[in-house]
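What follows is one structure encoded as structure tokens, with my remarks underneath.
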Amino acid sequence: HEEVIELIKKQAEKLIYVYRSQFGSHESERLATQLFEKSPYGRLEYSFFVNSGSEAIETAMKIAYQYWQEKGCPNKNQFITRQKSYHGITLGALSLSGHALRRERFEKVLHTRLSLNADLENDILEAQTAELIELIEKTGSDNIAAFVAEPIVGAAGTALAPQPGYYERIREICDTHSILFIADEVMTGLGRTGKWFGLEHWSAQADIVAIGKSLGAGYAPIAATLLTSEIIDPIKKGSGFIMSGHTYSGHPLSCAIASKVIEVIEQEQLIAHVDEMGNYLKKQLESLKQSYTFIQTVRGKGLLIGIEFDPEIEGLAKRCLEICYENGLLVYPSVGGKYGRNENGLLIAPPFIITKSQADAMVQILQYSLDTLKINDTKEFIQ
Ligand SMILES: Cc1ncc(COP(=O)(O)O)c(C=O)c1O
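Just so it is clear: in the sequence shown, position 324 is 324 by this note's numbering, and no numbers are missing.
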């Protein structure tokens, strides 16, 4: 984007870097203000900038620990997450994640998490929330710091969105049991789902929100942990210091870029465009189900769309991904299956600026690629 490139040049001449513990910067202050203004109900008043989504989750975990310590509850140090989840590749974030493939090599060193096994799409809401309440009661809420969830599950769940009312109930349960709610919006945040934040598809609010990916829009590595004043206040009154941060946290060049990206998204009304193009694309992808019976589900919101294949056809998504790549279409592997235990899913998440004709071209290439997959009656590939 010309305006972003121009900004990068100007910013490089003005100020590249200062170390955040000794200097503030207008660039980081401005970005924090924009994020606060965009945040649901204007509640996320504080931003802690880092360089990747994994770091944003680590920071969220550490601030949750610290919040409870400063409130005199040091035993509240466990996290509840969902089996179908991915929260990052660093050990803390990975310890929260259910993504089997990414975890398995490190299983021995990871702390166990308290995990929910719910089938988010099909279980009735009461069964899912009963499972959460049971887990809390078994563990004791005095030992639990937070519930952590991706509002819409990305690579670990093929754009899986829990049903209406789900996060509202989660919020109530968290409040009843004095547990924080951390929303991992690294994939869903800043427009991807057709709203600034994925959680806005429900009317629930989180205490801590991690964002990444779209924040730098590919121009710079930047992510953030956003916080309400309720979370910051006890820390301010207590130690007055968040025990976290990285050398390049709040890098002025990255902050200036992210700030410009938000401006462009607003100016060009890209959130509404994402919503419109998402609906357009999803409709077309759904219609493919009639011709290809091995497509089980097409789902998603905005431009985060998932396709799940018949789980019994081993390696189908992988094979499809390879053929799409050969034909010039990039799709992303995703964990599918009821409980996230097989890989037969694909994520389709094109840039926010995609046009109708580009969306048509995508579907055409996908269709052409699906045509080349031949499967016999025993659900094996025909070479
Ligand atoms: C939901 C979610 N959380 C966290 C992360 C980790 O972000 P990063 O890869 O920037 O460390 C990812 C990355 O895919 C993600 O999808």
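Glycine included, every Cβ here is placed at the ideal spot set by N, Cα and C.
{"Check": "Between the CA atoms of K76 and L135 - distance to the nearest angstrom", "Outcome": "14 Å"}
{"Check": "Where G300 falls, given that 16 or more other Cβ within 10 Å makes a residue buried", "Outcome": "buried"}
{"Check": "6 Å Cβ shell around I232 - same chain, five flanking residues per side excluded", "Outcome": "Y46"}
{"Check": "Test: R341 CB closer than 8 Å to a CB of chain C", "Outcome": "Annotation note: the requested chain C is absent from the structure, which comprises a single protein chain."}
{"Check": "Cβ neighbours of A258 in the same chain (closer than 6 Å, five flanking residues each side left out)", "Outcome": "L31, L215, G216, I222"}
{"Check": "For P333, the residue or residues it bridges with in DSSP", "Outcome": "L346"}
{"Check": "Cβ contact check for the segment 13-25 and the segment 244-263: 3 or more pairs under 8 Å", "Outcome": "yes"}
{"Check": "Where G154 sits in the DSSP three-state scheme", "Outcome": "coil"}
{"Check": "Selected residue, minimal CA-CA separation from E29, among V4, I124, S95, A256", "Outcome": "A256"}
{"Check": "Inter-residue Cα distance where the pair is K9 and I307", "Outcome": "40 Å"}
{"Check": "Where A146 falls, given that 16 or more other Cβ within 10 Å makes a residue buried", "Outcome": "buried"}
{"Check": "Terminal residues of the alpha helix (DSSP H) in which S254 lies", "Outcome": "252-267"}
{"Check": "Whole-angstrom distance between I80 and W202, CA atom to CA atom", "Outcome": "20 Å"}
{"Check": "Enclosing beta strand (DSSP E) for I295 [first to last residue]", "Outcome": "295-301"}
{"Check": "3-residue-minimum beta strand (DSSP E) runs that sit fully inside the segment 126-201, ordered along the chain", "Outcome": "144-149, 180-185"}
{"Check": "contact_flag[the segment 332-350, the segment 313-320] where n(CB pairs < 8 Å) is 3 or more", "Outcome": "yes"}
{"Check": "Any non-hydrogen atom of ligand 1 closer than 7 Å to S52 Cβ", "Outcome": "yes"}
{"Check": "Start and end residues, alpha helix (DSSP H) containing A204", "Outcome": "Unbroken run through A204: none, as it is neither H nor E."}
{"Check": "E2 versus D207: straight-line alpha-carbon distance, rounded", "Outcome": "36 Å"}
{"Check": "Residue closest to H177, alpha-carbon to alpha-carbon, out of E137, A156, M187, Q205", "Outcome": "E137"}
{"Check": "Distance cut-off 7 Å: H251 Cβ against heavy atoms of ligand 1", "Outcome": "no"}
{"Check": "Alpha-carbon spacing of R171 relative to V363, whole angstroms", "Outcome": "38 Å"}
{"Check": "Secondary structure of F106, DSSP reduced to three states", "Outcome": "helix"}
{"Check": "CB of A455 within 8 Å of CB of I305, strictly", "Outcome": "Here the chain comprises residues numbered 1 to 383, so residue 455 is not present and cannot be evaluated."}
{"Check": "Distance cut-off 7 Å: E150 Cβ against heavy atoms of ligand 1", "Outcome": "yes"}
{"Check": "Distance cut-off 7 Å: I89 Cβ against heavy atoms of ligand 1", "Outcome": "yes"}
{"Check": "Assigned exposure category for P351 - 16 Cβ within 10 Å defines buried", "Outcome": "exposed"}
{"Check": "Ligand 1 heavy atom lying under 7 Å from the CB of V186", "Outcome": "yes"}
{"Check": "Supposed contact pair Y219 and V50 - C-beta distance, whole angstroms, cut 8 Å", "Outcome": "The Cβ separation is near 16 Å, so there is no contact."}
{"Check": "Top-ranked residue by Cα proximity to L294, from E312, K282, Q284", "Outcome": "The question names Leu, but residue 294 in the sequence shown is Phe. Out of E312, K282, Q284, E312 has the C-alpha closest to the C-alpha of F294."}
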